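J.: For the sequence shown, this note's numbering gives the first residue as 4, with consecutive numbering after it. Backbone N, C-alpha and C define an ideal beta-carbon position, used for all residues, glycine too. Predicted, not measured: the structure shown is a model, and the values here were computed from it.
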Amino acid sequence: MITGRRIVDLTLVLAEELPAAWATHMPYQQKTFNYFTDRDDQVAPLKSETGPYQTRWLLIDEHTGTHIDAPAHFIPEPGTGLPDAGPAGTVTVEQIPLDRLIGPAAVFDIADDLPGSAPGVSPVITDRLIVDWEAQHGRLADGDIVLFRTGWDRHYRPGPAGRAYSHGPLVTRTEPGWPAPDVAAMQLIMDRGVRCVGTDGASMGSADNGAPVHRLALADGVAFIEALAGLDQLPVRGATFCFAPLKVARGTGAPGRAFAWLPD
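1. Three Cβ pairs or more, each shorter than 8 Å: is that satisfied between the segment 142–152 and the segment 190–199?
2. Determine which residues share a DSSP beta bridge with Ala257 and list them.
3. Need the endpoints of the alpha helix (DSSP H) that Trp136 sits in, please.
4. Reducing DSSP to helix, strand and coil, say where Ile99 ends up.
5. Along the beta strand (DSSP E) that carries Asp12, what are the first and last residues, could you check?
6. Rounded to the nearest angstrom, what separates Thr175 and Gly68 at their Cα positions?
7. In chain order, which alpha helix (DSSP H) runs of at least 4 residues are fully inside the segment 106–191?
8. What are the start and end residues of the beta strand (DSSP E) that includes Val200?
9. Here's the rule: buried if 16 or more other CB atoms are within 10 angstroms of the residue's CB, otherwise exposed. What is Tyr56?
10. If I follow the unbroken alpha helix (DSSP H) through Leu219, where does it start and stop?
11. When DSSP builds the beta bridges, which residues end up paired with Thr93?
12. Please state the DSSP three-state secondary structure of Gln236.
13. What does a CB cutoff of less than 7 Å around Gly89 pick up in its chain, not counting 5 residues either side in sequence?
14. Pop quiz: Arg152 and Ala114 are said to be a contact at Cβ under 8 Å. What is the actual Cβ separation, rounded to whole angstroms?
15. From this set, Ala214, Asp203, Thr202 and Gly224, which residue's C-alpha is nearest Gly92's C-alpha?
16. Quick one: grab the DSSP three-state call for Leu62.
Now the structure itself:
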């Protein structure tokens, strides 16, 4: 039962001044379409074209802010002749079962456990770390949702400071990457029956070579929840995690709201 349990928000805020979009993708935009009344402004004048209310439009990449990766994000559909094509390539975000996105949280708190790395390179979360965690907290099981708390959301800041979130590691290669699991670690997690894995890093894949982990897990129907926030609010065990993505037709991913119920 979750009635009466405290809920914590694990979602990044979207704003133009924040590094919400993947560094090499279209920037996030939010603009006023209609305002209560006409208002002169030299930079951004407001108009009331359709009535006394306000509404805004969004220009948004599917992989913006806290979001889910669907299998079609990295797996081509059958018949394309492309490498790694397969049935998972037809699975877009609106087809992902919601029961895959809610379950007991298994939190790997590694914010202080991994050594630093070179610019443009991610510290590696290895299968050894998974085994050591299980020795302390119990074996992962079907239905568990693995969450990697790396503390990377501390870089989600406005202005130039926010370049360390993804632009520095990916584009200029002047900043180290976020910690990310390697293929062996992800395979072990999948072998335990886990079908949803989340991270507060900018991606589940490493800054220097993110494709292999995506191809491995997404081809098997595992859901990735990326760019989480505030995972330090969760205990190692006992919370119930949930992610509710936008239902986007043919989406390779979608932003959404991540939250968790804390244990009594």
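T.: For this structure:
1. yes
2. Ile71
3. Asp130 to His140
4. coil
5. Ile10 to Asp12
6. 21 Å
7. 130–140
8. Cys199 to Thr202
9. exposed
10. Ala214 to Ala222
11. Partner(s): none; Thr93 has no beta bridge.
12. helix
13. Ile78, Pro81 and Ala222
14. 6 Å
15. Gly224
16. strand
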